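Asks:
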Amino acid sequence: MKLFVRELLKAFLVGVAIFIVFLIIFFIKGWELTYQELWEEFWESMIFSTIIYMLNAASFILLMRKYDKELFTKKYIAYGILGNIVASIVGIVLSRFVLIVLINQRSFAQFLAEERSEFYVSSFIISMAVALMFYAAYYYKYYKERQVKEQKIIAGSASARFDALKNQLDPHFLFNSLNVLTSLIDEDPHQAQNFTTSLSKVYRYVLEQKNKDLVTVDEELKFARTYVRLLKMRFEDSIIFDIPDQCSVPEAKIVPLSLQLLLENAVKHNVVTSSRPLHIKVYEDKGMLVVSNNLQEKQVVKKSSGVGLQNIKQRYRILTDREMVINKTIKDFSVSLPILTQKYTVMETQENYIEEKRYAKARERVQAIKDFYGNLMAYCIVIPFLWWLNLRTTEFLWAFFPTIGWGFGLTAHGMAAFGYNPLWGKRWEERKIKELMDKDDF
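Note that the numbering used here has the sequence shown beginning at 1287, numbered continuously upward.
#1: When you compare only the Cα positions, how much space is there between residue 1634 and residue 1491?
#2: Is the region 1338-1346 touching the region 1287-1300, taking contact as three or more C-beta pairs under 8 Å?
#3: Given residue 1363, which residues of its chain have a CB within under 8 Å of its CB, disregarding the five upstream and five downstream residues?
#4: Does the distance from the CB of residue 1566 to the CB of residue 1525 come in under 9 Å?
#5: Among 1384, 1370, 1601, whose alpha-carbon lies nearest the alpha-carbon of residue 1334?
#6: Could you give the distance in angstroms between the alpha-carbon of residue 1547 and the alpha-carbon of residue 1476?
#7: Mind checking residue 1632: buried by the 16 CB within 10 Å criterion, or exposed?
#8: What does a CB cutoff of less than 8 Å around residue 1365 pick up in its chain, not counting 5 residues either side in sequence?
#9: In the DSSP assignment, find the unbroken beta strand (DSSP E) run with residue 1527 in it and report its ends.
#10: When burial is assigned at 16 or more other CB atoms within 10 Å of the CB, is residue 1696 buried or exposed?
#11: Run the CB neighbour count on residue 1579, radius 10 Å, all protein chains shown included, and call it buried at 16 or more, exposed below.
#12: Measuring only the C-alpha atoms, how far is residue 1339 from residue 1703?
#13: Would you say the region 1503-1510 touches the region 1528-1538, given that touching needs at least three Cβ pairs under 8 Å?
#14: Does residue 1316 pass the burial test, meaning 16 or more other C-beta atoms within 10 Å, or should it be called exposed?
#15: Kindly provide the ranges of any beta strand (DSSP E) runs that are 3 or more residues long and lie completely inside the region 1526-1580, ordered along the chain.
#16: Going by the beta-carbon positions, is the gap between residue 1570 and residue 1625 smaller than 9 Å?
#17: DSSP state of residue 1609, grouped into three classes?
#18: Once the 5 residues before and after residue 1446 are set aside, which same chain residues still bring their CB inside 7 Å of it?
#19: Mapping the DSSP letters down to three states, classify residue 1504 as helix, strand or coil.
#20: What does the alpha-carbon distance come out to for the pair residue 1671 and residue 1678?
#21: Taking the alpha carbon of residue 1469 as the point to measure from, which residue in 1615, 1519, 1688 has its own alpha carbon closest?
#22: Just verifying my parser: in three-state terms, what is the DSSP assignment at residue 1583?
#23: Does DSSP put residue 1623 in a helix, a strand or coil?
#24: Taking the alpha-carbon positions, what's the residue 1617 to residue 1562 distance?
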């Protein structure tokens, strides 16, 4: 019901606008109208406008429900144009029937006998001009909404991927820690109790950091030392660690829990015994945080789930174009994590993405401008021809309507192509974009 009332109000406004155009034509031609004639012209304009507009609106709404925003693509735009033509012709016939038969009390036979094709030409041109304005307004709205939605989808997709990767760390870390605890319960119950206490502290850190994109290297080093104490309870002198107290760059950052995963992988895939101790070293090298260990791979090891190294690699790819480096030799295995700073994250990590988006937007803008100039060229050719045809055939200046209607559509097309809107301005546009992006269901 609300939709019907809203469209009816729009139909009324269109009728008023067309009536004003008629008054301008009458004034230019020097025709005089009595108040009675003026009133009749007004109601005739309102009848035609309301019926034709409502039928076009119904056609448009039905097509939108079926094709949604694809209606504005080249593939389906013909359906919209055909729907408007059919709705306009039916609307003109129905409007003339209401005016002649219902209001002027003529018989239906007289109505059919007096109908001429020329009666429909000017009305059809006017209705198509209105339909063109209608489509231009909705296309401009669709164009802006599509821009906002594309940005939100890209941002949301990256955020969802990153959250999914982070959420993998929780069960992965807990599962491996419980395996260690199970072994300790049989071997040393007292150590198992100490392990449980330390594990609770470590897990608190895991919960605190899981919602962060980046953490400082110093935080990760501190956590790594705590985690190392858990491993020492299990392996004692069979494992040797060399971890620095702090990073040389205080603001340096890495992805959370990356050190823990690398330490865990080193223990998981290598032999750790008192006769063959595992040496793990963490150090900085040329803007990278390196975790290395002597390579003594287990002969039989369960197939990796891929959560560890792959998880870290994928999270870094979302945040930066700097790659995690894996280096394996006969004697050693090392993983180098890019050390990020806030400045680098903001400026460098988005450089490729921004460059790609600029190129895509530039191509889209160029195509929109080309389409606009094609539309402008057609306007400059067709409109003069319509005026020539109008002045050669009748005194009624019906060419005003396609000139104004197409001109309105051309203006809207130009504003969309060049990103300019003198009515609302940038502040309104920015507020609207923010409003749409804040909607959860947009």
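From the three backbone atoms N, C-alpha and C, an ideal C-beta is built for every residue, glycine too.
Only a predicted model underlies this, so the values are computations on that prediction, with no experimental measurement involved.
Replies: With the given structure in hand:
#1: Unreliable placement is indicated for residue 1634, whose pLDDT of 48 sits below 50; the coordinate value is still reported in the next sentence. Looking at the two C-alpha atoms, the distance is approximately 29 Å.
#2: Touching, yes, given that three or more Cβ pairs across the two stretches are closer than 8 Å.
#3: Answer for residue 1363: 1357, listed in chain order.
#4: Result yes, Cβ atoms of residue 1566 and residue 1525 sit closer than 9 Å.
#5: Of the listed residues, the one whose Cα sits closest to residue 1334 is 1384.
#6: Within the model, the alpha-carbon separation for residue 1547 versus residue 1476 is close to 26 Å.
#7: Any reading at residue 1632 is ruled out, since the residue's pLDDT is 41, under 50, leaving its predicted position unreliable.
#8: Cβ neighbours of residue 1365 within its own chain (closer than 8 Å, five residues either side excluded): 1349, 1353, 1357.
#9: Here the beta strand (DSSP E) through residue 1527 covers 1525-1528.
#10: Classification for residue 1696: buried.
#11: By the 10 Å Cβ count, residue 1579 comes out buried.
#12: Looking at the backbone, the Cα of residue 1339 and that of residue 1703 are separated by about 27 Å.
#13: Three or more pairs of CB atoms, one per stretch, sit closer than 8 Å, so the region 1503-1510 contacts the region 1528-1538.
#14: Exposed, by the Cβ-count rule.
#15: Counting only runs of 3 or more, we get 1564-1571, 1574-1580.
#16: Yes, the Cβ-Cβ distance between residue 1570 and residue 1625 is below 9 Å.
#17: For residue 1609, the three-state secondary structure derived from DSSP is coil.
#18: A caution first: residue 1446 carries a pLDDT of 47, below 50, which makes its placement in the model too unreliable to give a value.
#19: In this structure, residue 1504 counts as helix in the three-state DSSP scheme.
#20: The C-alpha of residue 1678 is placed about 11 Å away from the C-alpha of residue 1671.
#21: Nearest to residue 1469 by alpha-carbon distance, out of 1615, 1519, 1688, is 1519.
#22: Strand at residue 1583.
#23: If DSSP states are grouped into helix, strand and coil, residue 1623 belongs with the strands.
#24: Between residue 1617 and residue 1562, the C-alpha separation is close to 13 Å.
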